[in-house]
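Residues 2 to 149 in the working numbering are what the sequence shown spells out, letter by letter.
Only one structure is covered here, and it is reproduced in the block below.
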Amino acid sequence: MKTLNHKFVDKIPEEIEEGILYVSIPYETAIHKCCCGCGSEVVTPISPTDWIITFDGESVTLDPSIGSWSLECRSHYFIRKNKVVWSSSYSQEEIKRVRKRDTEDKQDYFKDRQEVEEQPLIVNTEKTTEPIKRETGFLAWVKNLFNK
Ligand SMILES: [Zn+2]
2 MKTLNHKFVD KIPEEIEEGI LYVSIPYETA IHKCCCGCGS EVVTPISPTD WIITFDGESV
62 TLDPSIGSWS LECRSHYFIR KNKVVWSSSY SQEEIKRVRK RDTEDKQDYF KDRQEVEEQP
122 LIVNTEKTTE PIKRETGFLA WVKNLFNK
């Protein structure tokens with residue numbers, strides 16, 4: 002088991018030191034060097050559909066696990082309270098399944114967002130069409146009155 006030190010930064014530094022988990026709140030991103038020592042930089046965007054970071058005042062936890070599928074080393078580990086907890090490597094089949102689930106999660110998330118954004122539009126059209134209808138009704142009534 003290995004331990005990481007977290008470091009809150011405004012900007013992601015040019016030089017990423019091994020053993021440090023850099024967390025940038027303004028950029029909503031965390032970055033660290035792969036814990037296997039291969040030297041690859043692992044970028045984990047922080048968002049409801051990417052990684053969620055928990056800071057308890059002393060240490061940080063990243064959710065879900067870090068699976069560096071795009072890296073040669075295929076490392077897979079959890080960062081729990083600054084501790085690196087190794088997990089067995091994903092098989093190719095598992096990677097595909099997790100990636101698929103990931104995409105579906107994102108689609109659901111954006112679908113939900115769209116639905117929320119579309120709702121006020123529907124309300125607006127109802128509000129604008131209603132007075133027009135009344136006006137034409139009134140105009141028709143006035144016209145009808147003068148036509149008599
Ligand atoms: Zn690695």
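We put the CB at the ideal spot given by N, CA and C, even for glycine.
If you're wondering where the values come from, they're calculated on a predicted model, not measured in any experiment.
Burial state of residue i, where buried means 16 or more other Cβ atoms lie within 10 Å
{"i": "Val85", "result": "buried"}
{"i": "Ile26", "result": "exposed"}
{"i": "Glu127", "result": "Reliability of the predicted coordinates at Glu127 is poor, the pLDDT of 47 falling under 50, and the value obtained from them is presented with this limitation in mind. By the 10 Å Cβ count, Glu127 comes out exposed."}
{"i": "Thr30", "result": "buried"}
{"i": "Gly68", "result": "buried"}
Minimum C-alpha distance to residue i - residue among the options
{"i": "Asp1", "options": "Val143, Ala141, Pro49", "result": "Outside the shown range of the chain, which is 2 to 149, sits residue 1, and nothing can be said about it."}
{"i": "Ile80", "options": "Leu146, Val43, Asn145", "result": "Val43"}
DSSP bridge partner residues for residue i (one or two, in chain order)
{"i": "Leu63", "result": "Ile54, Ile80"}
{"i": "Tyr110", "result": "Answer is none; Tyr110 lacks a bridge partner."}
{"i": "Ile32", "result": "Tyr23, Val44"}
Check whether the segment 34-43 and the segment 52-62 are in contact - that is, three or more C-beta pairs closer than 8 Å.
By the Cβ criterion, the segment 34-43 is not in contact with the segment 52-62, since fewer than three pairs of Cβ atoms, one from each stretch, lie closer than 8 Å.
Can you tell me which residues fall inside 5 Å of ligand 1, judged by beta-carbon distance to its nearest heavy atom, and keep chain order?
In chain order, the hits are Cys35, Cys37, Cys39, Cys74, Ser76.
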